[in-house]
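First comes the structure, then the notes that go with it.
Chains as they are written, first to last, in this note's numbering: chain A, 157 to 523; chain B, 169 to 440; chain C, 40 to 338.
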């Protein structure tokens, strides 16, 4: 068990900078998820931590030790790969025992550890099989087992669930989380799936284009995104955005004017006059009924799509050149092409600078 | 959606060309099993008379020639396979300065025909007193075989999933251990293909033996056949028997391992 | 070494040890292929009989390749053989590939095994075989012609000045058409049938389909087939040595045979070396040209 610290870590491949000035502190025993779209640098950061990529600048420390120049086998880490990377010609038992044998552990200890991991992961019946005879889910568990037996200071996981079907993925998510809770090993987990990140991470680090956009608990990221990218990335369905011009209104509030948009907000005096990007969480937009009922609006637009999910429905509405997702409980009779009116909930709104994408905090001074 | 007519035409053409490919071979086998006295012409069949093979083996000395070929082929193939695996591993999975340039050198070496280097090879070996030895046959062929083998094994190692190598590295395996215990068990088909191709090329090599060897005891099978022909223009059955003996080993290996031969040649295998 | 271009190796990744793995193979390859190649170049700058001291003549041997009619003829013959060894087999292969394009043939594996067989046999054996077949008095070919009443066409196939080269060429065709067929039919099986359906909908007949769909898709395979067979055509030695030894006269002289006869029979070692190197250059050039053409047009 050890803490992990990235300090101003960068990685360059020729002219391309894959990771830029990454600084991240992970506590001992914490489960941190690195999440972001492809090319965000999350996998590169993980591989640098593993020692599979060299570090162009900065320092990585595991525990008290700076490991920049330390070979992977000396770092006391274990890694679970996306394609599991099981040794195809060896039995599951030998796969699990491989790393321990390389480290010259005595035979009895190896046997103990393998059986312990097999028990934890329920793969005891598979020990004599070869990887080719395993299903995807079983192979994935063997890969986890191979990491477990090593009793390392840090677990590294590179999108281990991507190759599983959706149902198995959800199930295994829970198992991994439970396992980590039991062994309490520091875990760094990479995924591109923000739902996975939100359900598994103690803390989440959102990366984009090599840069760490924000790190925080799932709640922090959801409620207080620090920029437009994080706001649009986290949350499902994603946040909708539109651009409007803000101007102070006579009644003490703010008037937002955009294409087909004319809204009055009872708050927001701190918004600078001029164009601003407004983000709307889907559950923060509701169909207009009986005079609004406290909603801000109305906004009028045309239905673009209807996503009926049984218990709830999300209606995509085109307003001017923006498309906003509107939440409706249960089902709706709306069809694409229908005209519709909807309003916004005050606490479903977030504001971002049009130029920088930075969040404009409510009550903050003018940017 | 093929018409019956199209399909029969195709089968007919395939059949005709296959037959044409087979005929001369069948012809020489028939000639080889003919009784010397009853010989009419090439390829006629009058019953099986296997004595020709025994005669060729003894009087024609083909036993000696086969042994010589076997010694050369096995040595060349064993050495080349080992060295190619090592070099292919380095080119395929390791990054080091000058790797690209060095590999291009191997690639070009693939296209250098024996005809280009036979002359200096002869004179160099002569000066070293090594003509008329197995070394003169083994070493040059090992050189050209390593060029092909390295190219082949590099292609194989590059196709191995990187994550497997990385997992082994994290688990603490050295590069040597990873090569022999993790990667090679998987590489069996690729190594087998390389082995049969190198065996075929080495066994069938003629020019090198012709130039390097004059001692009859060292003659390889193709060279032996060429001399035999020179002596036996009239005794067709014996000549045919000798020819069949020379071609046999490779054909037998081919029949059992044809998948590997074909796969190898289809990927453009060419050796200088 | 922080701050490199990414060529800096991660810790623990084998780097310099690569040289160690490479060394034995490189040594053998270098000593017995590269060094002789250089030595061949050196030898080619001299006039030498292999016994006494040689005389420096610079690039004169190369000049001979162009000016000496014997060498010009040899190289010309090599080009002719390319037609027999490479172009003809590939054409045959394309014919079959075109037919096979829409057919699902069963038992293809068996045909493949048989078609491939000629290549596996030592060229010396092939030469002995065909020498028997071409024998003017009781060779199979002439016997066959006589048997069907075409006895007037019976020739001395390998002894006739005009026919000898073609006769040898046909042997090459026999050896290599199987390779071309297998290669091209394998490639054809990989063409998605939807391309043919689209062409048919557009009104293409069988010929149009061949040129519009089959041929472009086989570009890679054609390149491989041509490369392999061209190299074999240019390196042709065994066949000539066993059957005609360059004769009758110079009718079947080829560069590889010239290398041998000049170096080991007529004491012109320098010239032999030069011819060998020219042959190599020719191989390089043609291989390069074939593959360049294959790549150039976009898929």
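Note that beta-carbon positions come from the ideal geometry of N, C-alpha and C, so glycine has one too.
Because the structure is a prediction, the values reported are computed rather than measured.
With 7 Å as the threshold, decide whether the Cβ of residue i is near any Cβ in chain A.
i: residue 69 (chain C); result: no
i: residue 268 (chain B); result: no
i: residue 57 (chain C); result: no
i: residue 309 (chain C); result: no
i: residue 174 (chain B); result: no
i: residue 53 (chain C); result: no
i: residue 350 (chain B); result: yes
i: residue 187 (chain C); result: no
Within a Cβ cutoff of 7 Å, which residues of the same chain sit near residue i, ignoring the five residues on either side of it in sequence?
i: residue 310 (chain B); result: 244, 247, 248
i: residue 214 (chain C); result: 157, 158, 165
i: residue 219 (chain A); result: 158, 159, 309
At the 7 Å Cβ level, is residue i part of the contact set with chain C, yes or no?
i: residue 233 (chain B); result: no
i: residue 228 (chain A); result: yes
i: residue 258 (chain A); result: no
i: residue 225 (chain A); result: yes
i: residue 353 (chain B); result: no
i: residue 372 (chain B); result: yes
i: residue 255 (chain B); result: yes
Does DSSP classify residue i as helix, strand or coil?
i: residue 180 (chain B); result: helix
i: residue 512 (chain A); result: coil
i: residue 158 (chain C); result: helix
i: residue 379 (chain B); result: helix
i: residue 159 (chain A); result: coil
i: residue 372 (chain B); result: helix
i: residue 362 (chain B); result: helix
i: residue 370 (chain A); result: strand
i: residue 243 (chain A); result: coil
i: residue 44 (chain C); result: Residue confidence is low: residue 44 (chain C) scores 42 on pLDDT, short of 50, so the model does not pin down where it sits. Its coordinate-derived value is still stated next. Correct three-state label for residue 44 (chain C): coil.
i: residue 477 (chain A); result: coil
i: residue 528 (chain A); result: The shown model of chain A, from 157 to 523, leaves out residue 528 (chain A), and the question about it has no answer.
i: residue 63 (chain C); result: helix
i: residue 279 (chain B); result: coil
i: residue 315 (chain A); result: coil
i: residue 343 (chain A); result: strand
i: residue 339 (chain B); result: coil
Is there a Cβ of chain B sitting closer than 7 Å to that of residue i, yes or no?
i: residue 208 (chain A); result: yes
i: residue 217 (chain C); result: yes
i: residue 152 (chain C); result: yes
i: residue 168 (chain C); result: yes
i: residue 245 (chain A); result: yes
i: residue 466 (chain A); result: no
i: residue 232 (chain A); result: no
Any idea which residues DSSP pairs residue i with across the strands?
i: residue 331 (chain C); result: The partner list for residue 331 (chain C) (beta bridge, DSSP) is empty, contrary to what the question assumes.
i: residue 286 (chain B); result: Per DSSP, none; premise fails for residue 286 (chain B).
i: residue 95 (chain C); result: C:85
i: residue 220 (chain B); result: DSSP, once it has assigned bridges, lists no residue as partnering residue 220 (chain B).
i: residue 364 (chain A); result: A:367
i: residue 507 (chain A); result: A:434
i: residue 418 (chain A); result: A:413
i: residue 441 (chain A); result: A:500
i: residue 433 (chain B); result: Residue 433 (chain B) is not bridged to any residue.
Quick one: what's got a C-beta closer than 8 Å to residue i's C-beta in the same chain, skipping five residues either side?
i: residue 329 (chain A); result: 317, 352, 355, 356
i: residue 317 (chain C); result: 101, 104, 114, 294
i: residue 308 (chain A); result: 232, 233, 234, 341
If you count every other CB in all the chains shown that lies within 10 Å of the CB of residue i, and 16 or more means buried, which is it?
i: residue 324 (chain B); result: buried
i: residue 164 (chain A); result: exposed
i: residue 116 (chain C); result: buried
i: residue 452 (chain A); result: buried
i: residue 337 (chain A); result: exposed
i: residue 296 (chain A); result: buried
i: residue 212 (chain A); result: buried
i: residue 374 (chain B); result: buried
With a CB to CB cut of under 6 Å and the five nearest residues on each side skipped, what residues in its chain are close to residue i?
i: residue 392 (chain A); result: 351
i: residue 271 (chain B); result: 259
i: residue 284 (chain A); result: 247
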